[in-house]
Amino acid sequence: MAPVLEVSHLARSYRANLSLKKYWILRDLSFSVEPGEIFGFIGPNGAGKTTTIKLIMDLVRPDSGSIRILGEPHQSVAVKKRLGFLPENPYFYDYLTAEEFLDFYGRLFGFSREVRRSRTTTLLERVGLANRRDRQLRKFSKGMLQRLGLAQALLNEPEFVILDEPMSGLDPVGRREVRDIILSLKAAGRTVFFSTHILSDTELICDRVGILSKGELKAVGRVSDLLGHQVAHWEVAFSGIDPITLPGISAVVSREGSETLATSRDEESMKALVRAVLERGGSLHSVIPQRASLEDIFLREIRR
Amino acid sequence: MSRIWAIAANTFREAIRDRILYLLLVFALLFMGFSQILSMLTVGGEEKIIKDVGLASISLFGVLTSVFIGVALVSKEIERRTIYTIVSKPIHRHEFLLGKYCGLVLTLFVNTSVMTAWFYLILLLKGFADPRLLLAIALIFMELLLITAFAILFSSFSTPILSTLFSLSLYLVGHLTWSIHLLEERVKGSGAREVCRFLYFALPNLEIFNIKTEVVHQLPIPATLPLWALVYLAGYGGAVLSAACFILRRRDFT
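Chains X and E, in that order, are what the protein sequence lines are. With the first sequence counted from 1, adding 1 to any position gets you the working numbering. With the second sequence counted from 1, adding 46 to any position gets you the working numbering.
So, in structure tokens, the structure goes:
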């Protein structure tokens with residue numbers, strides 16, 4: 002099946018005021034998003050995530066490269082009928098009520114009055130704003146605007162949803178709800194591409210992630226593949242020996258009576274520690290490899 | 047077309063929920079009422095004063111409404127980033143711009159109608175009602191349509207403050223193009239004359255829409271003038287709006 006999003010050799014630069022020097026925000030960025038997956042686009046602030054999304058949404062133009070969405074050029078107006086988009090820190094017409102706002106956006110899709118009415122009701126309930134439908138948006142909190150932004154992104158029941166920092170500004174309950182909505186979209190066969198710097202969310206719900214740093218894609222792949230078999234460190238529990246005399250220990254996590262929980266940095270150190278414990282007559286209780294978290298991978302990749 | 051109408055209806059809603067519109071409208075109505083006091087201070091010519099002040103109020107407050115609301119139409123959308131979700135919907139950028147324009151035109155129409163109704167109420171009470179005044183107001187409205195097109199053009203690439211300055215300057219220059227024509231005859235040197243001629247034809251001639259003096263002083267008006275004004279508005283306004291669409295189509299929303 003053809004990718005839902007295909008980004009090829011995308012580059013974007015800017016010039017500071019009156020300067021001839023070009024600064025690159027993105028360089029030769031290529032990746033694709035496959036049908037039905039949740040793709041997390043992660044990177045530190047200033048990595049180029051929002052610029053990439055703006056390029057995809059045709060809000061800014063690239064210096065070079067191409068973007069195809071659902072098999073069509075990304076500028077195509079027709080493809081936008083099948084697309085949902087939530088910008089970062091969304092701002093909307095604050096003189097409208099939540100209901101008027103969704104009704105107006107429904108008009109842009111050319112929906113009939115009945116469709117607009119039913120989808121507005123369904124979506125406001127889905128994002129937890131059903132009891133605020135008559136309130137003007139100027140009285141909405143940041144979190145409520147974020148929820149309403151999500152509602153407008155889903156108004157056309159899109160095949161592909163692009164969300165820029167959808168969890169930002171939300172409390173833990175709100176984040177959980179957004180996560181559930183993203184997962185329900187996947188369950189309904191939709192494709193979701195979202196940017197974030199909240200890694201715990203990414204690890205929980207993404208099929209694949211791309212790690213962006215300084216305008217370059219440092220790593221891309223399935224979360225399980227990226228985390229893979231990489232072991233961040235080993236935890237070794239033993240008793241009957243003073244850990245100070247033992248080799249291969251990077252840190253002592255805890256000591257209770259004669260029992261010690263220590264960590265070893267790598268496999269070699271762990272083996273040396275285990276050998277020493279057994280040779281000196283100590284008791285070995287457990288040796289547990291600690292898998293690298295997405296955060297470990299992320300920090301390693303952006304430092305490269 | 048339905049998308050342009052959706053944007054236009056929303057722009058109209060935005061304008062009628064904006065305090066500045068009511069502020070300007072109240073000032074205009076007060077100003078017209080004030081014309082009665084002014085007419086009392088002069089000997090004779092009460093009718094002329096009321097008509098003169100009435101037409102001038104409709105024109106001035108119409109221009110202020112068109113400029114103050116018009117310059118923010120596009121730039122505010124970009125500055126406040128509300129445009130992000132709009133252009134991500136199935137809508138062309140030129141449809142967005144034309145929708146904005148039509149929304150403001152609708153606002154100006156309602157605004158001008160309210161001022162006209164008030165003006166006629168004063169005239170009827172005084173027994174000065176004259177159908178030719180409606181023609182003068184129709185031409186003022188045409189002028190507003192052209193000024194709005196300029197305001198939206200400036201708004202598509204500049205900040206609201208600069209756009210206001212550009213639009214108001216253009217309004218003033220537009221009523222003084224006859225002086226450029228005069229200058230052309232008086233300056234020495236063919237280069238300067240060419241510049242004057244270019245400016246005369248390039249800048250909008252808003253005097254085409256001005257028949258206030260003729261109407262107030264019961265002077266004859268050429269029968270073809272309204273038609274010429276309409277043709278001028280369609281040509282010039284169309285060109286200005288096309289330029290605004292062209293700029294917006296190429297613009298980055300950073």
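Note that CB positions come from ideal geometry on N, CA and C, so glycine has one too. Here the structure is a predicted model, which is why all the values come from computation and not from measurement.
Proximity of residue i and residue j at Cβ, strictly below 9 Å
i, j, result
"A220 of chain X", "L227 of chain X", "yes"
"L143 of chain E", "L279 of chain E", "no"
"A252 of chain X", "T264 of chain X", "yes"
"L271 of chain E", "P250 of chain E", "no"
"P206 of chain E", "K122 of chain E", "yes"
"D29 of chain X", "G66 of chain X", "yes"
"K97 of chain E", "L179 of chain E", "yes"
"C291 of chain E", "R63 of chain E", "no"
"S294 of chain X", "S240 of chain X", "no"
"F102 of chain X", "L56 of chain X", "no"
Span of the beta strand (DSSP E) around residue i
i, result
"D172 of chain X", "D172 of chain X -> no beta strand (DSSP E), and no H or E assigned at all."
"S103 of chain E", "Taken as a continuous stretch (DSSP letters only), S103 of chain E belongs to no beta strand (DSSP E), being part of the alpha helix (DSSP H) at E92 to G116."
"L6 of chain X", "L6 to R16"
"E269 of chain X", "Looking at the DSSP string, E269 of chain X is not in any beta strand (DSSP E); the run it does join, the alpha helix (DSSP H), is E268 to E280."
"F110 of chain X", "Here F110 of chain X belongs to no beta strand (DSSP E), and DSSP marks it neither H nor E."
Buried/exposed call for residue i, threshold 16 Cβ in 10 Å
i, result
"G190 of chain X", "exposed"
"L279 of chain X", "exposed"
"D202 of chain X", "buried"
"M2 of chain X", "exposed"
"Q147 of chain X", "buried"
"E60 of chain E", "buried"
"M271 of chain X", "buried"
"P266 of chain E", "exposed"
"P136 of chain E", "buried"
"D165 of chain X", "buried"
"E204 of chain X", "buried"
"P268 of chain E", "exposed"
"L150 of chain E", "buried"
"E240 of chain E", "exposed"
"N132 of chain X", "exposed"
"G150 of chain X", "buried"
"F107 of chain E", "buried"
Residue i in three-state terms, based on DSSP
i, result
"F40 of chain X", "strand"
"Q137 of chain X", "strand"
"L27 of chain X", "strand"
"P206 of chain E", "helix"
"D297 of chain X", "helix"
"Q291 of chain X", "strand"
"T88 of chain E", "coil"
"H227 of chain E", "helix"
"T300 of chain E", "coil"
"V241 of chain E", "helix"
"I199 of chain X", "coil"
"L252 of chain E", "helix"
"S313 of chain X", "No answer is possible for residue 313 of chain X: it lies beyond the span of chain X, which begins at 2 and ends at 305."
"I50 of chain E", "helix"
"L70 of chain E", "helix"
"I257 of chain E", "coil"
"I267 of chain E", "coil"
"K22 of chain X", "coil"
"E32 of chain X", "The amino acid at residue 32 of chain X is misidentified as Glu; the sequence shows Phe. In this structure, F32 of chain X counts as strand in the three-state DSSP scheme."
"V254 of chain X", "strand"
Endpoints, alpha helix (DSSP H) assigned at residue i
i, result
"Y166 of chain E", "R139 to K172"
"Q76 of chain X", "Taken as a continuous stretch (DSSP letters only), Q76 of chain X belongs to no alpha helix (DSSP H), as it is neither H nor E."
"L294 of chain E", "L271 to R296"
"R83 of chain X", "From DSSP, R83 of chain X is part of no alpha helix (DSSP H); its letter is neither H nor E."
"T246 of chain X", "That residue, T246 of chain X, is in no alpha helix (DSSP H); it is neither H nor E in DSSP."
"A131 of chain X", "Here A131 of chain X belongs to no alpha helix (DSSP H), and DSSP marks it neither H nor E."
"D226 of chain X", "V224 to L228"
"R178 of chain E", "R178 to S201"
"L124 of chain X", "R114 to R127"
Close beta carbons around residue i, own chain, < 8 Å, minus the five adjacent residues each side
i, result
"D64 of chain X", "A12, R13 and S14"
"G107 of chain X", "V116, R117, R120, T121 and L156"
"E141 of chain E", "R49, I50 and I53"
"G44 of chain X", "K50, S196, H198, I212, L213, S214 and I303"
"A184 of chain E", "P272"
7 Å Cβ shell around residue i - same chain, five flanking residues per side excluded
i, result
"I206 of chain X", "I39, R180, I183 and L184"
"G144 of chain X", "G170, L171, D172 and G175"
"Y130 of chain E", "F299"
"V80 of chain X", "I70, L71 and E73"
"V113 of chain E", "I193, A197, T210, S213 and L214"
Residues near residue i in its chain [Cβ-Cβ closer than 6 Å; skip 5 each side]
i, result
"T259 of chain E", "none"
"A48 of chain X", "L213 and S214"
"E35 of chain X", "P4"
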